[in-house]
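The structure appears below as structure tokens.
There are 2 protein chains.
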Amino acid sequence: MKNIELKVLNLLKGAKEASLKLGNISTADKDRAILAMASALLKNTKYILSENAKDVALARDSAKTFAESSKNKRQPAFLLDRLTLTEKRIKEMADSLKQIAALKDPVGKILRQWKRPNGLIIRKISVPIGVIGIIYESRPNVTSDCAGLSLKSGNVCVLRGGSEAINSNIAIRKVITKCLEKFGIPKTAITMIDVADRFAVEFLLKQDSLIDVVIPRGGEGLIRYVAENSLIPVIKHYKGVCHLYVDKDADIEMALDIMLNAKVQRPGVCNAIEKMLVHKDIAHKFLPKAAGILDDKGVELRGCLKTLKILKGIKKAAEKDWYKEYLDLILTIKIVKDVDEAISHINKYGSRHSDAIVTKSKLTAEKFLKEVDSACVYHNASTRFTDGYQFGMGAEIGISTDKIHARGPMALEELCTYKYIILGSGQLRT
Amino acid sequence: MKNIELKVLNLLKGAKEASLKLGNISTADKDRAILAMASALLKNTKYILSENAKDVALARDSAKTFAESSKNKRQPAFLLDRLTLTEKRIKEMADSLKQIAALKDPVGKILRQWKRPNGLIIRKISVPIGVIGIIYESRPNVTSDCAGLSLKSGNVCVLRGGSEAINSNIAIRKVITKCLEKFGIPKTAITMIDVADRFAVEFLLKQDSLIDVVIPRGGEGLIRYVAENSLIPVIKHYKGVCHLYVDKDADIEMALDIMLNAKVQRPGVCNAIEKMLVHKDIAHKFLPKAAGILDDKGVELRGCLKTLKILKGIKKAAEKDWYKEYLDLILTIKIVKDVDEAISHINKYGSRHSDAIVTKSKLTAEKFLKEVDSACVYHNASTRFTDGYQFGMGAEIGISTDKIHARGPMALEELCTYKYIILGSGQLRT
């Protein structure tokens, strides 16, 4: 066995052992530990910032090299921004932990209980999943967020951040794990795979007896890599190709507001819209207004052939446009003949993330809400609400476009599974 | 693209299309279709038996070859039994469909609904998963059972049975799919991958845009193959290494009854016990009685060193024995010093399936029920109850020892996922 394998295996065994102990930690102790983690982050702000500065300096160097050899100067700046910590951001990380401590403990709820004719009592109760692998990129705040959410839900987290944030992540982990032992929580409840070799991830993804689920967070490339290499169940979303459908019975002012909010308020996130479908009967009235507003905000428009007849001079959409997540100020528009065509289009090209209809017709809305096969389907609201906080879950560990276990925003409840406890008095099967 | 790939892709596209239509079929029509399937099985018994006879003849031939070249004459007979249909078995298949028709429709339940401060109403509702791939071996009854359960839960099933049962499976599929169209259900709602090439399975397992979840049913080899090759989420159990722990405070008569039932009543199934842990304080009293009873039933005993001192002459257990699922009349026994050692042993060597404690101590039972990390944990009852029917679910599509989505017996509810419907009045995110 290679040296790297041994190191990873040792770390994972520590994580697994901790997970069997976490069930016996009281809610109060978990909450106290999470609050202590928040304080420790604030107290050690200087140290964390100095370690983060090392990562930022390295990233700046490579961004410079990248910019010199490329025309795309925006992307590295965007990544640098994600990587950079500030006093304010560390305070936000601490605040997020405080919020997590204040949430209800999701573990130990009796989800259902029933009695069989033979007298057996079957009780279905919520329990932690066990060991959760989190593989992520850039943002160092993921380290403390995921540690807090995992601990609160009685899970051990195994964190593997990107190499670009390694110093920041190690510093955060060091600071927060110091708070665990005084509450009886093993240090390995927050385990970090700090082995600097990409093979470590490949190896980790095969350890299905030590990790129960993997949640990858980052770009589509990272997530595909994890899905393709993992023997462990993965909960994920590849991308968010979200749609707004403006029906013939739409309130046009509302449709324009929702369009603007869903496209422009924060275009680089997965719940922003990338496509707009417009009913043919309203297109002539709606599209010129929409184009005017979007143009003011610097949004590039692309369109189907019918759209091009109304919005002259915009770029023609290619087939691949319909699948694409731009994460940018680009919107592709299609005119559809009815709600059925809108639904079919979304189910074919969408990513099952978040899609919205604007209409005053209850019947049309019901059809859309029922037949669009996405995690979150909206009537008369912006898709930007697909988010654990906005849903009132108090937190978010990720978003799932899978259909297994969790769909849409995932928080504490989704970090739990269940078990059956069966109480008998000597029952035998005949 | 290869010919096989094209064929499989075509079949899967038909399945996916059907899945988008199934949501609009009423409960009444689904139930009528399932009842019609039951009648059709009965009406076509002769035809199905004649097709099954072809499979059995082929299997008998290869069993003969196998027996001549091997000492193990039992296994082929066991497989032949699983493969063989009789009038009675077809009647049971029809009965099973009738039972499924009588169950409650799991789709469309409002699981929760809440209102956000901004007025958004968030509704979480149960919906079908979509397309369910089922990869199975031998037993042809799986074909109609899975078709019925999938249809009832609004899912399309993609069935891939073993080559040894190909004629039987095709016949059953042919008979039951004839009942679909008159209820508005596309024939491809029950899709069978009848391409006679193992590569078809490998290719199918990569189609994560067309299949939502794969449930493999069969031996550990098949299940590992599926888990290792699938890009689609898999729900599975590799094996059932179930334990009975006889505590020092056990009612000895009850413990003996449960032991006998859990080991002997049907040793070839996953919820039978394979190991027995006995508290050291009760071992001298309990083990000789247990050995006498088990010996009468032809059970081979193996034991740890301490057990060997009490039960002289039995075989010493090897390390690998503790991991092994015998599916046979073999039981391996370990003497433990307390409930903690029993729990640690089960969490280390078990398969997270079903484990039981026999004790009169409520405190000890609570500890065991809480800390044993298995899908089903029993107090004073046989592990043999881990089964959808025994749990009162009315059906079973499989058992999961994973922690994601479903744990333990899986039936209609576990064939559903959820989606969020969000009702607004123009809300924007700020």
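As you go down the protein sequences, you meet chains V and C in turn.
Start counting the first sequence at 2; every next residue gets the next number (my numbering).
Start counting the second sequence at 2; every next residue gets the next number (my numbering).
Here a beta-carbon is modelled for each residue, glycine too, at the ideal position from N, C-alpha and C.
Please read these numbers as outputs of a predicted model, since none were measured by experiment.
Next on the checklist: Any contact between the stretch 92-112 of chain C and the stretch 185-193 of chain C? By contact I mean 3 or more CB pairs, one from each, below 8 Å.
Outcome noted: no
Checklist entry - How would you call Lys153 (chain V), buried or exposed, if buried means at least 16 neighbouring beta carbons within 10 angstroms? => result buried
Checklist entry - Going along the chain, which unbroken runs of the beta strand (DSSP E) with 3 or more residues stay wholly within the stretch 110-179 of chain V? => result 111-116, 122-129, 132-137, 157-161
Next on the checklist: In the DSSP output, which residue or residues are listed as bridge partners for Gly243 (chain V)?
Outcome noted: The displayed chain sequence assigns Cys, not Gly, to residue 243 (chain V). Its beta-bridge partners are V:Ile274.
Checklist entry - Roughly how many angstroms separate the alpha carbons of Asn168 (chain C) and Lys175 (chain C), rounded to a whole number? => result 11 Å
Checklist entry - Which of the three DSSP states, helix, strand or coil, is assigned to Asn25 (chain C)? => result coil
Checklist entry - Bridge partners of Ala357 (chain V), per DSSP? => result V:Leu245, V:Tyr379
Item to check | Leu21 (chain C) versus Cys417 (chain C) - alpha carbon distance | outcome: 14 Å
Next on the checklist: Using the three-state DSSP reduction, which class does Lys317 (chain V) fall into: helix, strand or coil?
Outcome noted: strand
Checklist entry - Based on the DSSP output, what are the partners of Glu367 (chain C) in its beta bridges? => result The partner list for Glu367 (chain C) (beta bridge, DSSP) is empty, contrary to what the question assumes.
Checklist entry - If the cut is a Cβ gap below 9 Å, which residues of chain C does Pro234 (chain V) touch? => result Pro234, Val235, Ile236, Asp403, Lys404, Ile405, His406
Next on the checklist: Would the stretch 355-372 of chain C count as touching the stretch 332-347 of chain C if we require 3 or more Cβ pairs under 8 Å?
Outcome noted: yes
Next on the checklist: Just list the residues that DSSP pairs Lys188 (chain C) with in beta bridges.
Outcome noted: Its beta-bridge partners do not exist; DSSP assigns none.
Next on the checklist: Residues of chain V with CB closer than 7 Å to the CB of Ile455 (chain C), please, in chain order.
Outcome noted: Absent from the structure is residue 455 (chain C), since the part of chain C shown begins at 2 and ends at 431.
Next on the checklist: Short of 6 Å in beta carbon distance, which residues of its chain neighbour Gly425 (chain V), apart from the five on each side in sequence? Order them along the chain.
Outcome noted: Leu121
Next on the checklist: Within 10 Å of its beta-carbon, does Ser1 (chain C) have 16 or more other beta-carbons around it, so buried, or fewer, so exposed?
Outcome noted: A query on residue 1 (chain C) cannot be resolved here, the shown segment of chain C reaching from 2 to 431 and no further.
Item to check | Own chain residues within Cβ distance below 6 Å of Lys240 (chain V), not counting five before or after | outcome: Glu221, Glu326, Ser352
Next on the checklist: Which residue marks the beginning of the alpha helix (DSSP H) containing Arg303 (chain C), and which one marks its end?
Outcome noted: Note, Arg303 (chain C): premise wrong, no alpha helix (DSSP H); beta strand (DSSP E) at 301-304.
Next on the checklist: Does the structure place the stretch 304-319 of chain V close enough to the stretch 276-284 of chain V that three or more beta carbon pairs sit under 8 Å?
Outcome noted: yes
Item to check | With 16 other Cβ atoms within 10 Å as the buried cut-off, status of Lys74 (chain V) | outcome: Summary for Lys74 (chain V): the model assigns pLDDT 49, below 50, so the residue's position carries little reliability, and this model does not support an answer.
Checklist entry - Going by Cα to Cα distance, which pick from V:Val378, V:Ala382, V:Ile400 is closest to Val128 (chain C)? => result V:Val378
Checklist entry - Distance, Cα to Cα, Lys14 (chain C) vs Pro268 (chain C)? => result 41 Å
Checklist entry - From which residue to which residue does the alpha helix (DSSP H) around Pro410 (chain V) run? => result It is not in any alpha helix (DSSP H) - Pro410 (chain V) instead sits in the beta strand (DSSP E) that spans 409-411.
Checklist entry - Cβ atoms of Leu330 (chain C) and Lys290 (chain C): under 8 Å apart, would you say? => result no
Checklist entry - With distances taken from CA atoms, which of C:Ile224, C:Phe184, C:Asp146, C:Ser51 is nearest Leu23 (chain C)? => result C:Phe184
Checklist entry - How many Å lie between Ala292 (chain V) and Ser151 (chain C) at the Cα? => result 46 Å
Item to check | Min CB distance Phe184 (chain C) to chain V below 8 Å | outcome: no
Checklist entry - Exposed or buried, which one is Arg408 (chain C) when buried takes at least 16 other CB atoms within 10 Å? => result buried
Next on the checklist: Please list, in chain order, the chain V residues whose beta carbon lies closer than 7 Å to that of Ser426 (chain C).
Outcome noted: Asn381
Item to check | Straight-line Cα distance separating Ile224 (chain C) from Ser207 (chain V) | outcome: Here the sequence assigns Lys to residue 207 (chain V), which means Ser is not the residue at that position. Rounded to whole angstroms, Lys207 (chain V) to Ile224 (chain C) spans 15 Å at the Cα level.
Item to check | Thr418 (chain C) - partner residues in DSSP beta bridges | outcome: C:Val128
Checklist entry - In terms of DSSP beta bridges, what is Met193 (chain C) paired with? => result C:Leu160
Checklist entry - Straight-line CA distance for Arg140 (chain C) to Cys271 (chain C)? => result 16 Å
Next on the checklist: For chain C, check one thing: does any of its Cβ atoms lie closer than 8 Å to the Cβ of Ala172 (chain V)?
Outcome noted: no
Item to check | Residues of the stretch 285-301 of chain C whose Cβ lies closer than 7 Å to any Cβ of chain V, in chain order | outcome: none
Next on the checklist: I'd like to know whether the C-beta of Glu229 (chain C) is nearer than 8 Å to at least one C-beta of chain V.
Outcome noted: yes
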